[in-house]
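2 protein chains.
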Amino acid sequence: MATIAEVSKKYDISQATLRYYEKIGLIPPVPRSKSGIRDYDEKSCGWIELMKCMRSAGIQIEALIEYVKLFQEGEHTAKARKDILVDQRDILEDKIKRMQESLDKLNYKIDRYDTVIIPKMEKRR
Amino acid sequence: MATIAEVSKKYDISQATLRYYEKIGLIPPVPRSKSGIRDYDEKSCGWIELMKCMRSAGIQIEALIEYVKLFQEGEHTAKARKDILVDQRDILEDKIKRMQESLDKLNYKIDRYDTVIIPKMEKRR
DNA sequence: TTATCAGTTAGAGTATACTCTAAGTCAAGA
DNA sequence: TCTTGACTTAGAGTATACTCTAACTGATAA
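Chains as they are written, first to last, in this note's numbering: chain A, 1 to 125; chain B, 1001 to 1125.
What follows is the structure in structure tokens.
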């Protein structure tokens, strides 16, 4: 049981973003005190942790919202939920592959600056 | 020497995006025919290829524009250019690491659907 | 010569994902 | 009681990266 301030600090996500995530359904509704103030429990924190991880990997909010929606509809949506995860896994694998290619290209270019371009420039002085 | 239509097709980048990239300086100015029509040469195509790769890895346009700007200022900017590449390489490495973590988490969850959640649900029928 | 078609521009519009603002509520300490 | 400070909401604003629109030009085929 934690306040929005505590959760915001713990996960380094702004309070505005935490409210936004709840509003759009990226996480299920957070329990509230009698006066309407958010009181995050274990489950809510688990969702936040998951979404922080997924979002930091660039997984689209849209797909994650669908996942949460299905989750709240109950057990019988398990297969559909798994399908979403598989789709996103494939997309992510692809992205990582492309990024690895760019990383290789960057490293190649950096090496050329070190071994060719900068030495040549220095010699000319 | 190629038209914008050919280059657009070759790299699967819309003509609008090619013009946009040139306008904001993500690629150096493309040679023009006497009537002002773009006539892409080897160099221009090389820049497009590079930027397609960098952008598909999510490298910020801002940093790439700075790189192109320095490149056009001449040889003496080599060190500054290399610094940009190194910064972006470090950012990219970090991103790949985070994405790999998310990928692992996704695969773990998918496995749980296959081995626990879905079988449990099927048994209950 | 006229229409068609690919090209040109500036600038407005869109999608995604926040981020901020204004106006208000509620509980606790001075 | 008053004020302070953390919380609430709806809705407007922002950043990034395109994407589209309108209006125009210039070369070529009928």
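Every residue gets a Cβ at the ideal spot worked out from N, C-alpha and C, and that includes glycine.
Being a predicted model, the structure only gives us computed values, none of them experimental.
Same chain, Cβ closer than 7 Å to residue i, neighbours up to 5 away in sequence not counted
| i | result |
| --- | --- |
| residue 54 (chain A) | 64 |
| residue 1051 (chain B) | 1021, 1026, 1027, 1064 |
| residue 1041 (chain B) | 1001, 1031 |
| residue 1072 (chain B) | 1028 |
| residue 1084 (chain B) | 1063, 1066, 1067 |
| residue 1057 (chain B) | 1092 |
| residue 1141 (chain B) | With chain B covering 1001 to 1125 only, the question about residue 1141 (chain B) has no answer from this structure. |
Residue span of the alpha helix (DSSP H) that contains residue i, given as start and end
| i | result |
| --- | --- |
| residue 987 (chain B) | Examination of residue 987 (chain B) is not possible in this model, given that chain B is present from 1001 through 1125 alone. |
| residue 1119 (chain B) | 1118-1123 |
| residue 18 (chain A) | 15-24 |
8 Å CB neighbourhood of residue i in its chain, flanking five on each side removed
| i | result |
| --- | --- |
| residue 1135 (chain B) | Chain B is shown only over 1001 to 1125; residue 1135 (chain B) falls outside these bounds and no answer can be derived. |
| residue 1024 (chain B) | 1061, 1065 |
| residue 103 (chain A) | none |
| residue 1096 (chain B) | none |
| residue 49 (chain A) | 11 |
| residue 1126 (chain B) | Absent from the structure is residue 1126 (chain B), since the part of chain B shown begins at 1001 and ends at 1125. |
| residue 1033 (chain B) | 1039 |
| residue 1086 (chain B) | none |
Beta-carbon proximity list for residue i, same chain, < 6 Å, skipping 5 on both sides
| i | result |
| --- | --- |
| residue 1059 (chain B) | 1088 |
| residue 47 (chain A) | 27 |
| residue 1123 (chain B) | none |
According to DSSP, residues forming a beta bridge with residue i
| i | result |
| --- | --- |
| residue 128 (chain A) | Because chain A spans 1 through 125 in this model, residue 128 (chain A) falls outside it and cannot be assessed. |
Hey, which unbroken runs of the beta strand (DSSP E) at 3 residues or more fall wholly within the stretch 1039-1079 of chain B? None, since the stretch 1039-1079 of chain B contains no complete beta strand (DSSP E) of that length.
Would you list, in chain order, the members of the stretch 1074-1090 of chain B that have their beta-carbon closer than 8 Å to a beta-carbon of chain A? Residues passing the 8 Å Cβ filter: 1075, 1076, 1078, 1079, 1081, 1082, 1085, 1086, 1088, 1089.
Under 7 Å, CB to CB, which of the residues in the stretch 1018-1042 of chain B have a partner in chain A? If the cut-off is 7 Å between Cβ atoms, the stretch 1018-1042 of chain B has nothing near chain A.
Under 8 Å (Cβ pairs) to chain A, residues found in the stretch 1053-1064 of chain B: Per Cβ criterion, the list reads 1053, 1054, 1056, 1057, 1058, 1059.
Check each residue of the stretch 1109-1120 of chain B: if its Cβ is closer than 8 Å to any Cβ of chain A, include it; give the result in chain order. Answer in chain order: 1109, 1110, 1113, 1114, 1117, 1118.
Give the residues from the stretch 96-108 of chain A that approach chain B closer than 9 Å (Cβ to any Cβ), ordered along the chain. Near chain B, meaning a CB-to-CB distance below 9 Å, the residues of the stretch 96-108 of chain A are 96, 98, 99, 100, 101, 102, 103, 105, 106, 107.
Can you list, in chain order, the stretches of the beta strand (DSSP E) that have 3 or more residues and sit fully within the stretch 78-110 of chain A? Contiguous beta strand (DSSP E) elements confined to the stretch 78-110 of chain A do not occur, taking only those with 3 or more residues.
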